[in-house]
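Going by the UniProt record's numbering, the residue at position 202 of the sequence shown is 202; the numbering climbs one at a time, nothing skipped.
Note that CB positions come from ideal geometry on N, CA and C, so glycine has one too.
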Amino acid sequence: MYEGKTVLLVLQGGRWLLQGHDVQVVSTDNDSRAASRMVAGQLEMALSADPTPPPTPGAVVRHHYNFFNRETDVQQAVTDLLARVKADGQLHVLLDEADFDSSAVHGPRLTTLVARLAESVPGLHLWAAGVRHDAIPPSLRPEPLTVPLRCAPSVLREVQTAVDRYQGLVHNYSDSGVPAPGDGLRVIRLSHHGNAHRGRWPVECQQCGKEVAAELLRLGVGSGGSSLPNYRDVFIITRSSELQDDIEDDAGRVTSRASGVVRGLRDEGLPVCVLGNQDVIHNTARCERDHKDVAVAATDRVTVTRYDYVQGLERRVVVMLPGRHKVNEGRSDDDFDTIDRLYAISRCTTQLVMVDVPPVTTATSTAT
Ligand SMILES: [Zn+2]
């Protein structure tokens, strides 16, 4: 069965490897052993698939313990992992199937491990998946948004709006010590509005696809110029649950057509890779391949994706498509705008393109 959260660990781990960091993949009981093996295996594959590998990529190191049967394994894990801390104080750890539930035998032991690492390692980067929302140890906190890395200030200003709104919940950007590449380019705004546009949201709209494609081509995307972006440098990101590629049955017949925006992009000749909810459900094998491919930008294609599939990744050009989330849960438009800014716009390093949607005058904005 395909697991999105494991993919997120793989994407983040892949990024660390490409930056030259060793990645410690830790399983703490027999239940998490298979998941950890898969994470480690996918990381190694992603690294070997990279057409332009860095000169000194990191290594994947697997650790297996049995916290369930042996309490002494906790100290052993602390010792082993502290031995892996680099001279600059950094340690990169992935924990899949991390159940901190205090009513289970090994939950408190896992909490102890994370707390000991957090105390002892100043540069601890630890990502855990499979964590229950009501059992998150206090030493775990949102990490990926604290350092802006290479984002241009013009992009950061858009993200900052959301950080300000969520003061206290999201960590503010810290000074990364890395000079930003100028102020970046002016944010480009397109509009899902006018005669040829169809549907409530840009994701459904073929015309929006065509206009986004035209804008990308105008920016020189894929034209081959040495300083210009390639197709692989572009993310088109949405929170919409409705994004999908053609869905095919076992005989290869299309049972449900690709979203309008995807068809519009292809009409203009852009090579496109799509990662939507329905693709993950119906085209599992292709999606697994594409996820790995996108993690290392192996193939020169524009990626159209749900925001949650590209956490930890960045691209020079990001196109933001507002969309409807299936589960609205009474969230306000501001909440959704915040999600867009934190999870989509923050993926952009240089050129941001926003597709604006005219406000609704009826109750359709709260439909599911
Ligand atoms: Zn449109």
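Exposure label - N69; buried when at least 16 CB within 10 Å = Sequence index remark: in the sequence shown, residue 69 carries index 69 (1-based). Flag for N69 reads exposed.
So the alpha helix (DSSP H) S102 belongs to, where does it begin and stop?
-> Taking the first residue of the sequence shown as 1, we reach residue 102 at position 102. Neither: S102 is in no alpha helix (DSSP H) and is coded neither H nor E.
Separation of D267 from D246, as counted between CA atoms | The count along the sequence shown starts at 1 and reaches residue 246 at position 246. The count along the sequence shown starts at 1 and reaches residue 267 at position 267. The C-alpha of D246 lies about 14 Å from the C-alpha of D267.
How many Å lie between D233 and V203 at the Cα?
-> Position 233 of the sequence shown, counted from the start, is the residue given in the question as residue 233. Position 203 of the sequence shown, counted from the start, is the residue given in the question as residue 203. Going from the Cα of D233 to the Cα of V203 covers about 20 Å.
Considering only residues of the same chain and omitting the five flanking positions on each side of G20, which have a CB-CB separation below 8 Å?
-> Position 20 of the sequence shown holds residue 20. Here the set comprises P54, T56, P57 and G58.
Going by beta carbon distance, what residues of the same chain come within less than 6 Å of I188, once the five residues before and after it are set aside?
-> Residue 188 sits at position 188 when you count from the first residue of the sequence shown. A distance below 6 Å between beta-carbons, with the five flanking residues on each side excluded, links I188 to the following residues of its chain, in chain order: V353.
Looking only at its own chain, which residues have a Cβ that is under 7 Å from the Cβ of Y166, when we skip the five neighbours before and after it?
-> What you label residue 166 is simply residue 166 of the sequence shown in a count that begins at 1. Legend: pLDDT at Y166 = 48, less than 50; position of this residue unreliable, value from coordinates given subsequently. So the list reads T338, once near-sequence residues are dropped.
Can you name, in chain order, every residue of its own chain whose Cβ lies under 6 Å from the Cβ of Q207, other than the five neighbours on each side?
-> Here residue 207 refers to the residue found at position 207 of the sequence shown. The answer, listed in chain order, is A196 and H197.
For residue 371, which of helix, strand or coil comes out of DSSP?
-> This structure cannot settle anything about residue 371, because the visible part of the chain is limited to 1 through 368.
Residues bridged to R257 by DSSP?
-> If you number the sequence shown from 1, residue 257 lands on position 257. BP columns for R257 are empty, so no partner.
Looking at C-beta atoms only, is the number of pairs between the segment 295-312 and the segment 259-279 that lie closer than 8 Å three or more?
-> yes
Is V274 closer than 8 Å to Q244 when the C-beta atoms are compared?
-> For the purposes of this step, residue 244 is taken as residue 244 along the sequence shown, with counting starting at 1. For the purposes of this step, residue 274 is taken as residue 274 along the sequence shown, with counting starting at 1. Yes, the pair counts as a contact, with Cβ atoms nearer than the cut-off.
Per DSSP, which one or two residues make a beta bridge with W127?
-> Locating residue 127 in the sequence shown gives position 127, where the first residue counts as 1. DSSP lists L94 as partners of W127.
Would you call the CB atoms of V74 and F67 closer than 8 Å?
-> For the purposes of this step, residue 74 is taken as residue 74 along the sequence shown, with counting starting at 1. For the purposes of this step, residue 67 is taken as residue 67 along the sequence shown, with counting starting at 1. A contact, by the Cβ cut-off of 8 Å.
Could you tell me the distance, in whole angstroms, from the CA atom of H63 to the CA atom of V25?
-> Residue mapping note: residue 63 aligns to position 63 of the sequence shown, counting from 1. Residue mapping note: residue 25 aligns to position 25 of the sequence shown, counting from 1. Taking the straight line joining both Cα atoms gives about 6 Å.
Helix or strand or just coil, what does DSSP make of E248?
-> The residue given as residue 248 occupies position 248 in the sequence shown. Three-state result, E248: strand.
Answer with buried or exposed for L18, where buried requires no fewer than 16 other C-beta atoms within 10 angstroms of its C-beta.
-> On the sequence shown, position 18 is the one that residue 18 refers to. Burial call: buried.
Which whole-angstrom value is the C-beta distance of R324 and E211, which I expect to be below 8 Å?
-> As a first step, residue 324 is located in the sequence shown; it is residue number 324 there, counting from the start. As a first step, residue 211 is located in the sequence shown; it is residue number 211 there, counting from the start. R324 to E211, Cβ: 20 Å. No contact.
Kindly indicate which three-state DSSP category F235 falls into: helix, strand or coil?
-> In the sequence shown, counting from the first residue as 1, residue 235 sits at position 235. The answer is strand: DSSP assigns F235 an E or B state.
For the alpha helix (DSSP H) containing L217, list its first residue and its last residue.
-> Mapped onto the sequence shown, residue 217 falls at position 217. Looking at the DSSP string, the run of the alpha helix (DSSP H) that includes L217 is Q206 to R218.
By DSSP, does residue 371 sit in helix, in strand, or in coil?
-> Since the first residue shown for the chain is 1 and the last is 368, residue 371 is missing from the structure and cannot be characterised.
Would you say A295 and G14 are within 8 Å of each other, going by their C-beta atoms?
-> Taking the sequence shown and counting its residues from 1, the one referred to as residue 295 is at position 295. Taking the sequence shown and counting its residues from 1, the one referred to as residue 14 is at position 14. Going by C-beta atoms, A295 is nearer than 8 Å to G14.
Using only alpha-carbon positions, find the residue among R315, L124, R286 and S102 that is nearest to A87.
-> Here residue 87 corresponds to residue number 87 of the sequence shown, with the count starting at 1. Comparing Cα-Cα distances from A87 to each of R315, L124, R286 and S102, the minimum goes to L124.
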